[in-house]
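Structure, as structure tokens:
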């Protein structure tokens, strides 16, 4: 099969690439071709992958990407929440127009109906929010990013219903611990308050430690994507986007897990520096989601922050501190 | 004040125009200027109204419309459900691109933040549906029309939150009894099975009479729009679209009301002719909505089908059969 990853240069895209190259197949179907796309051509650590630089929202950009009719498209490309809020036009261009252009290109290709895995977000929900958020709860986002993802869910469902594509959307938890450098996501601190202290560096906590949020590791996120690639659409039904499982934890609980794994010295590296603009975004987010449907379909995530930290140490720090 | 009605040639647009001309004001503010827009220039029965032919989704179309900065924009323009289903591209162009172009034009106009009243629909909800549908229920439409309206709600809320426009969305019930000729809406029969027999003509019923649906008269719909034009946005909050009140009734209840008002002879003019394609659309629709928020904000509708039929006789048939 031919797999196309759009937004392959991002953190999840790179981890998914590594996973697919290691597996050599998706759900038992051999990967004969792997195309990695991003606005800047992603680096490939594997000679078999083709790397392409493309802008989905540019004229003809999406059409060119699907010219060779990949069997599986994983669409991860997005401007993150903080940037979609600070740059209104860029957020709509990438997150809405880019997604729609991809769907339109697939629709225009006669007799072509690939599996398309789309990553949505808990940011589609806006307060006041029940805890946990039921699967049938309204999407009234209070960020432009959340608005764009909610629109993506609607388009994905309609294009799937009309038979143009075979879409599955995943409402991802906040991914924690994100490896590497901080990005512009307002959620970045959830990772950095663990990631930096684990290697002896300072980190800034911009919100009170009572903030409760919904988390899963990068390893779980990749597993979600692989599972979504192989699900039977009949089992999903017309509501094509699933709330993914995660761990509901407060920042204080994150910090206590850090203390258990890395000691007081690590915890002392967290500097509290309240940031109103980040707080305003984060307080609109979900403390926990009901993910019953996803659970029935075999999606699972971590059940403690100690486990999330251990995954990070195994996957990013060579297995030990 | 300057009022702009987009989609003014439609049934609701014409009735709203008549109402505004009769009132001469909106919420006590004198109407100094009234601009009526549609793809075909609407006929004006009042010399004071300017009529304009325009296509919102065409380049520059929306910008020209708001050049004179109307204080109130009522955006009614839409391709109806049946047509949006049969002509995928036209539906997205008019219902999504047109609405977005209007919002973008308003955003681009510096220091301009009009009240924008947007008509959404119960078609944003898709089965399985609770009865009544709670106000916080997810929007998972099973028609392209419903998808486009749900996206309109999301855009309206985000543009309002960002301060670009002062939007209020109304999730309208099916409007019954629609006067005039049938249109391409799949819901058309709800009106025609009453409207035609009331004037001695045959009508076709394409669904079983057990179908339950949510209705309000054209007179109520116009009243909803006028009320939305004058609401205090603070009272509405960030969830900018309100489910409108209505009457939940089965087709059998509609027919019994017709019998009470116009007798057995009228009822015998209803010819049952099942239509699978209409049934497939209609069975995805809402039997009833919880409209508590709208009720608190002063929106009201009819409470019996006898009343809905009487409104039609008063407003369309000169007051008697």
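Protein chains in written order, with this note's numbering: chain Z, 58 to 378; chain D, 58 to 378.
Backbone N, C-alpha and C define an ideal beta-carbon position, used for all residues, glycine too.
Proximity winner among the options, relative to residue i (alpha-carbon distances)
{"i": "residue 230 of chain Z", "options": "Z:344, Z:199, Z:376", "result": "Z:344"}
{"i": "residue 221 of chain D", "options": "Z:233, Z:67, Z:145, Z:213", "result": "Z:145"}
{"i": "residue 151 of chain D", "options": "D:171, D:181, D:119, D:126", "result": "D:119"}
{"i": "residue 362 of chain D", "options": "D:99, D:348, D:376, D:306", "result": "D:306"}
{"i": "residue 60 of chain Z", "options": "Z:74, Z:200, Z:67", "result": "Z:74"}
{"i": "residue 153 of chain Z", "options": "Z:189, Z:123, Z:113, Z:121", "result": "Z:113"}
{"i": "residue 255 of chain Z", "options": "Z:316, Z:275, Z:212", "result": "Z:316"}
{"i": "residue 122 of chain D", "options": "D:100, D:243, D:147, D:96", "result": "D:96"}
{"i": "residue 248 of chain Z", "options": "Z:99, Z:98, Z:370, Z:346", "result": "Z:370"}
{"i": "residue 258 of chain Z", "options": "Z:322, Z:297, Z:92", "result": "Z:322"}
{"i": "residue 325 of chain D", "options": "D:65, D:181, D:302, D:253", "result": "D:253"}
{"i": "residue 378 of chain D", "options": "D:331, D:318, D:334", "result": "D:318"}
{"i": "residue 351 of chain D", "options": "D:212, D:299, D:314, D:376", "result": "D:299"}
{"i": "residue 232 of chain Z", "options": "Z:174, Z:297, Z:280, Z:83", "result": "Z:280"}
{"i": "residue 360 of chain Z", "options": "Z:333, Z:302, Z:234, Z:224", "result": "Z:302"}
{"i": "residue 185 of chain Z", "options": "Z:340, Z:213, Z:115", "result": "Z:340"}
{"i": "residue 140 of chain Z", "options": "Z:375, Z:342, Z:334", "result": "Z:334"}
{"i": "residue 271 of chain Z", "options": "Z:206, Z:358, Z:158", "result": "Z:358"}
{"i": "residue 338 of chain Z", "options": "Z:212, Z:246, Z:356, Z:376", "result": "Z:246"}
{"i": "residue 225 of chain D", "options": "D:187, D:174, D:76", "result": "D:174"}
Presumed contact (8 Å Cβ cut-off) between residue i and residue j, rounded CB distance
{"i": "residue 63 of chain D", "j": "residue 131 of chain D", "result": "7 Å"}
{"i": "residue 308 of chain Z", "j": "residue 268 of chain Z", "result": "5 Å"}
{"i": "residue 336 of chain D", "j": "residue 263 of chain D", "result": "7 Å"}
{"i": "residue 266 of chain Z", "j": "residue 312 of chain Z", "result": "6 Å"}
{"i": "residue 346 of chain Z", "j": "residue 189 of chain Z", "result": "5 Å"}
{"i": "residue 91 of chain D", "j": "residue 106 of chain D", "result": "4 Å"}
{"i": "residue 327 of chain Z", "j": "residue 250 of chain Z", "result": "5 Å"}
{"i": "residue 223 of chain Z", "j": "residue 164 of chain Z", "result": "At roughly 12 Å, the Cβ-Cβ gap does not stay under 8 Å, so residue 223 of chain Z and residue 164 of chain Z are not in contact."}
{"i": "residue 193 of chain Z", "j": "residue 195 of chain D", "result": "5 Å"}
Beta-carbon proximity check, residue i vs residue j, cutoff 9 Å
{"i": "residue 176 of chain D", "j": "residue 208 of chain D", "result": "no"}
{"i": "residue 354 of chain D", "j": "residue 292 of chain D", "result": "yes"}
{"i": "residue 94 of chain Z", "j": "residue 78 of chain Z", "result": "no"}
{"i": "residue 58 of chain Z", "j": "residue 167 of chain Z", "result": "no"}
{"i": "residue 197 of chain D", "j": "residue 142 of chain D", "result": "no"}
{"i": "residue 183 of chain Z", "j": "residue 295 of chain D", "result": "yes"}
{"i": "residue 289 of chain Z", "j": "residue 204 of chain D", "result": "no"}
{"i": "residue 237 of chain Z", "j": "residue 134 of chain Z", "result": "no"}
{"i": "residue 367 of chain Z", "j": "residue 72 of chain Z", "result": "no"}
{"i": "residue 364 of chain Z", "j": "residue 244 of chain Z", "result": "no"}
{"i": "residue 70 of chain D", "j": "residue 99 of chain D", "result": "yes"}
{"i": "residue 278 of chain Z", "j": "residue 138 of chain Z", "result": "no"}
{"i": "residue 172 of chain Z", "j": "residue 260 of chain Z", "result": "no"}
{"i": "residue 161 of chain Z", "j": "residue 181 of chain Z", "result": "no"}
{"i": "residue 202 of chain D", "j": "residue 178 of chain D", "result": "yes"}
{"i": "residue 217 of chain Z", "j": "residue 126 of chain Z", "result": "no"}
Residue i: CB within 8 Å of a non-hydrogen atom of the ligand SAM
{"i": "residue 312 of chain Z", "result": "Inclusion of the ligand SAM in the displayed structure is not the case, the ligand content being empty and no account of it being possible."}
Within the stretch 304-332 of chain D, note down every full alpha helix (DSSP H) run reaching 4 residues or more, in order along the chain. 308-324
Within 8 Å of chain Z by C-beta, residues of the stretch 202-219 of chain D in sequence order: 204, 207, 208, 211, 212, 214, 215, 218, 219
Which residues of the stretch 128-153 of chain D have a Cβ closer than 8 Å to any Cβ of chain Z? Give them in chain order. 145
Return the residues of the stretch 188-199 of chain D that lie within a Cβ-Cβ distance of less than 7 Å from chain Z, sorted by chain order. 193, 194, 195, 196, 197, 199
Going along the chain, which residues of the stretch 318-339 of chain Z sit with their C-beta nearer than 9 Å to a C-beta in chain D? none
Whole beta strand (DSSP E) runs in the stretch 227-279 of chain D with 3 or more residues, listed along the chain? 260-262, 269-273
Which residues, in chain order, does the stretch 259-275 of chain D contribute to contact with chain Z at a C-beta distance below 8 Å? none
Got a sec: which bits of the stretch 168-187 of chain D sit with their beta carbon under 7 Å from any beta carbon on chain Z, in order along the chain? 183
Select from the stretch 285-308 of chain Z all residues with a C-beta closer than 8 Å to any C-beta belonging to chain D, and list them in chain order. 295, 296
At what residue ranges does the stretch 142-168 of chain Z contain a whole run of the beta strand (DSSP E), taking only runs of 3 or more? none
List, from N- to C-terminal side, the beta strand (DSSP E) runs of 3 residues or more that fit wholly inside the stretch 78-137 of chain D. 90-95, 106-110, 129-132
I'd like the ranges of any alpha helix (DSSP H) spanning at least 4 consecutive residues and lying wholly in the stretch 345-375 of chain D. 349-353, 362-373
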